[in-house]
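Residue numbers (the numbering used here): 39 to 280.
All C-beta atoms, glycine included, are put in the ideal place defined by N, C-alpha and C.
All values reported here derive from a predicted model rather than from experimental measurement.
A short worksheet on the structure shown next.
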Ligand code: FES
Ligand code: FES
């Protein structure tokens, strides 16, 4: 799924350095200008690059959370860091207002599963590679294992639990998955369904080849792909009519 392809983004950036300029990544993230500076006592560049880049997961998580707090989505309120380094989050999940406190390193997936007990989104790889954790954030599909909970501040999260209308009927995509036998063990299914709904809404479900491409970030270890593609084609028609 293209939105999740961080590796591709990083690869792209590594090829955008000016001609003749050696990408900083090849020097462990240290630029020529930084390497020519006289070392200072606390200057990370005076240490071997491998050490300079060894931010702990906690340090990286805190940094990302701070960025997320300082630059929230338009209209969203900044996440508030409390003195003991927790964050107060106010968001909507499946139409319900949520006001909670999290560790800044908490992923959206862990917030949903561990704190809100919404276990539909699955933790498959926890590395953005399987799509089992797919949910919608302000209508766009995201890998919730790679999304900090802090980024959901003031925003709307939709999970598989909130997809069906309140009248008890299934969403057309859920019904189509049943009709086309598009699952075996079902572990990947919540993520597949959420990604499939987004795929149709994005206009990326015009034919089987396009569906396969735009659903490629969602892995099914049972290999139910034939049924999944058929279900999406069927549901796309129902969703356009509905
Ligand atoms: Fe998030 Fe695999 S658990 S992509
Ligand atoms: Fe088993 Fe997809 S139905 S992993």
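* For residue 219, which of helix, strand or coil comes out of DSSP? -> Along the chain shown, one-based indexing puts residue 219 at 181. Secondary structure at residue 219: coil, using DSSP grouped into helix, strand and coil.
* For residue 244, is the classification buried or exposed, using 16 other Cβ atoms within 10 angstroms of its Cβ as the cut-off for buried? -> Sequence index remark: in the chain shown, residue 244 carries index 206 (1-based). When all chains shown are included, residue 244 counts as exposed.
* Could you check the C-alpha separation between residue 224 and residue 232 for me, to the nearest Å? => Along the chain shown, read from residue 1 onward, the residue named residue 224 stands at position 186. Along the chain shown, read from residue 1 onward, the residue named residue 232 stands at position 194. Their Cα atoms are separated by approximately 13 Å.
* Asked: In the DSSP assignment, what are the bridge partners of residue 227?
  -> Along the chain shown, one-based indexing puts residue 227 at 189. DSSP output for residue 227 lists no bridge partner at all.
* Asked: With a CB to CB cut of under 6 Å and the five nearest residues on each side skipped, what residues in its chain are close to residue 256?
  -> Here residue 256 is taken as the residue at index 218 of the chain shown, counted from 1. So the list reads 169, 229, 230 and 233, once near-sequence residues are dropped.
* To do: Could you name the residues whose beta carbon sits closer than 6 Å to any heavy atom belonging to ligand 1, keeping them in chain order?
  => Residue selection by CB proximity (closer than 6 Å to any heavy atom of ligand 1) returns 161, 162, 163, 164, 166, 167, 168, 169, 170, 171, 181 and 183 in chain order.
* Asked: Just checking my contact of residue 179 with residue 172 at CB under 8 Å: how many whole Å lie between their CB atoms?
  -> Mapped onto the chain shown, residue 179 falls at position 141. Mapped onto the chain shown, residue 172 falls at position 134. In this structure, residue 179 and residue 172 form a Cβ contact; the two beta carbons are roughly 5 Å apart against a cut-off of 8 Å.
* Inter-residue spacing [alpha-carbon to alpha-carbon] between residue 227 and residue 126 -> Start at 1 with the first residue of the chain shown, and residue 227 comes out as number 189. Start at 1 with the first residue of the chain shown, and residue 126 comes out as number 88. When rounded, the distance between both Cα atoms is 31 Å.
* How about residue 227: is its Cβ closer than 7 Å to a heavy atom in ligand 2? -> Residue mapping note: residue 227 aligns to position 189 of the chain shown, counting from 1. Yes, the Cβ of residue 227 comes within 7 Å of a heavy atom of ligand 2.
* With DSSP run on the structure shown, which of helix, strand or coil describes residue 137? -> Mapped onto the chain shown, residue 137 falls at position 99. Three-state result, residue 137: strand.
* Asked: Mapping DSSP to helix, strand and coil, what is residue 262?
  -> Taking the chain shown and counting its residues from 1, the one referred to as residue 262 is at position 224. Correct three-state label for residue 262: coil.
* **Pick from 136, 137 and 222 that is closest to residue 263, judged by C-alpha positions** => Working through the chain shown from its first residue, we reach residue 263 at position 225. Per the Cα distances, 222.
* **Alpha-carbon to alpha-carbon, residue 203 and residue 273** => On the chain shown, residue 273 is found 235 positions in, with the first residue counted as 1. On the chain shown, residue 203 is found 165 positions in, with the first residue counted as 1. Rounded to the nearest angstrom, the two C-alpha atoms are 15 Å apart.
* Asked: Under the three-state reduction of DSSP, which class applies to residue 267: helix, strand or coil?
  -> In the chain shown, residue 267 corresponds to position 229, counting from 1. Under the three-state reduction of DSSP, residue 267 is assigned to helix.
* To do: Could you pull out every residue in the same chain whose Cβ sits closer than 8 Å to the Cβ of residue 212, ignoring the five residues on either side in sequence?
  => Position 174 of the chain shown holds residue 212. Same-chain partners within the cutoff: 201, 202 and 231.
* **Presumed contact (8 Å Cβ cut-off) between residue 258 and residue 266, rounded CB distance** => Indexing the chain shown from 1 puts residue 258 at position 220. Indexing the chain shown from 1 puts residue 266 at position 228. With a Cβ gap of about 7 Å, residue 258 and residue 266 count as contacting.
* Determine the DSSP secondary structure at residue 181, reduced to helix, strand or coil. => Along the chain shown, read from residue 1 onward, the residue named residue 181 stands at position 143. Residue state for residue 181 is assigned as strand, using DSSP reduced to three classes.
* Asked: Based on Cα-Cα distance, which residue from 216, 240, 136 and 235 lies nearest to residue 187?
  -> The count along the chain shown starts at 1 and reaches residue 187 at position 149. Between residue 187 and the set 216, 240, 136 and 235, the nearest pair of CA atoms involves 136.
* Give a yes or no on whether the minimum CB-CB distance between residue 237 and chain C is below 8 Å. => Looking at the structure shown, chain C is missing, and only one protein chain is on hand.
* Asked: Going straight from the alpha carbon of residue 242 to that of residue 181, what length do you get?
  -> Position 204 of the chain shown, counting from 1, holds the residue named residue 242. Position 143 of the chain shown, counting from 1, holds the residue named residue 181. One C-alpha to the other measures close to 18 Å.
* Below 6 Å CB to CB, which residues in the same chain sit around residue 162 once its five sequence neighbours on both sides are set aside? => Taking the chain shown and counting its residues from 1, the one referred to as residue 162 is at position 124. Contacts found: 168 and 170.
* To do: Please go through the same chain and pick out, in chain order, the residues whose beta-carbon is closer than 8 Å to the beta-carbon of residue 190, but skip the five residues on each side of it.
  => One-based indexing of the chain shown puts residue 190 at position 152. Excluding positions up to five away in sequence, the list reads 127, 129, 146, 149 and 175.
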